[in-house]
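Worksheet: one structure, shown below.
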Amino acid sequence: MPESTSMGRKLAEAHVNMGKILFHTGVRVALAGVVVFAGIRGNPPKGAPASLTAGLVAALIALLALGWVFFPLVHWGDHLTFYEAGIIVGRQPWALEKLGEISFMDVKNNYSLFGQTYMCTQARRFNVTYIKDAKKNYNRAYFKGI
1427 MPESTSMGRK LAEAHVNMGK ILFHTGVRVA LAGVVVFAGI RGNPPKGAPA SLTAGLVAAL
1487 IALLALGWVF FPLVHWGDHL TFYEAGIIVG RQPWALEKLG EISFMDVKNN YSLFGQTYMC
1547 TQARRFNVTY IKDAKKNYNR AYFKGI
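Position in the sequence shown counted from 1, then plus 1426, gives you this note's numbering.
Okay, structure coming up:
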């Protein structure tokens, strides 16, 4: 890996938190199941949709719901690797001088069950929600502490 040799020695590594991804996906599957069950129980289907447009809208809603339910699986390959002169986020290398000051921010949205964690830099904001102990490994790598 040529970018790792130019970044110096590897200091720490943070991998994906598979348990958190599976838990969030499981909660979303359960919530979607309750909504579908309540919808079918309240309005039992009576044959085909009223029109082609109604069928397409129902299919679009179902596809969007599937995307929402399984979205945490997109983060299955997330990881951070901390080097002396840079950080590799996923497969993208970033030099520390380009990133500037680094801080971590926890965000809780009113419309979400779970909060999100971001690694904020001057270059961009990285979503590290599904990376296990990202802040702890960052502190261990660059500040020799927890």
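Glycine included, each C-beta is placed from N, C-alpha and C at the ideal position. Computed from a predicted structure; not experimentally measured.
Hey, residue i and residue j are a contact pair by Cβ (cut 8 Å); roughly how many whole angstroms apart?
i	j	result
A1388	G1512	Nothing about residue 1388 can be reported from this structure: the residues present for the chain run from 1427 to 1572 only.
D1532	T1543	5 Å
K1436	T1507	6 Å
Going by Cα to Cα distance, which pick from the options is closest to residue i?
i	options	result
A1456	M1545, L1539, K1558	L1539
N1565	N1536, W1494, S1529	S1529
L1490	R1454, F1463, Q1518	R1454
Y1568	Y1537, A1480, L1522, N1536	L1522
Residues in the same chain with beta-carbon distance under 7 Å from residue i, minus the five sequence neighbours each way, listed in chain order, please.
i	result
I1447	P1498, L1499, H1501, W1502, Y1556
D1504	V1442, G1516, Y1556, I1557
F1496	T1451
A1458	A1491, V1495
Skipping 5 residues on each side, what residues in its chain have a beta carbon closer than 8 Å to that of residue i?
i	result
A1484	P1475
Y1509	S1430, M1433, G1434, R1435, K1436, L1437
P1470	none
Grab me the residues of residue i's own chain with a C-beta within less than 6 Å of its C-beta, minus the 5 sequence neighbours each way, in chain order.
i	result
W1520	G1512, I1513
V1461	none
G1493	none
C1546	S1529, M1531
K1524	A1549
Contained alpha helix (DSSP H) runs [length at least 4] in the segment 1464-1547, N- to C-terminal order: 1478-1495, 1522-1525
Touching or not, the segment 1438-1458 and the segment 1542-1556, by the rule of three or more beta carbon pairs under 8 Å? Contact between the segment 1438-1458 and the segment 1542-1556 is present: three or more C-beta pairs spanning the two stretches fall below 8 Å.
Would you list, in sequence order, the uninterrupted alpha helix (DSSP H) runs of no fewer than 4 residues that lie entirely inside the segment 1431-1456? Within the segment 1431-1456, not a single complete alpha helix (DSSP H) segment reaches 4 residues in length.
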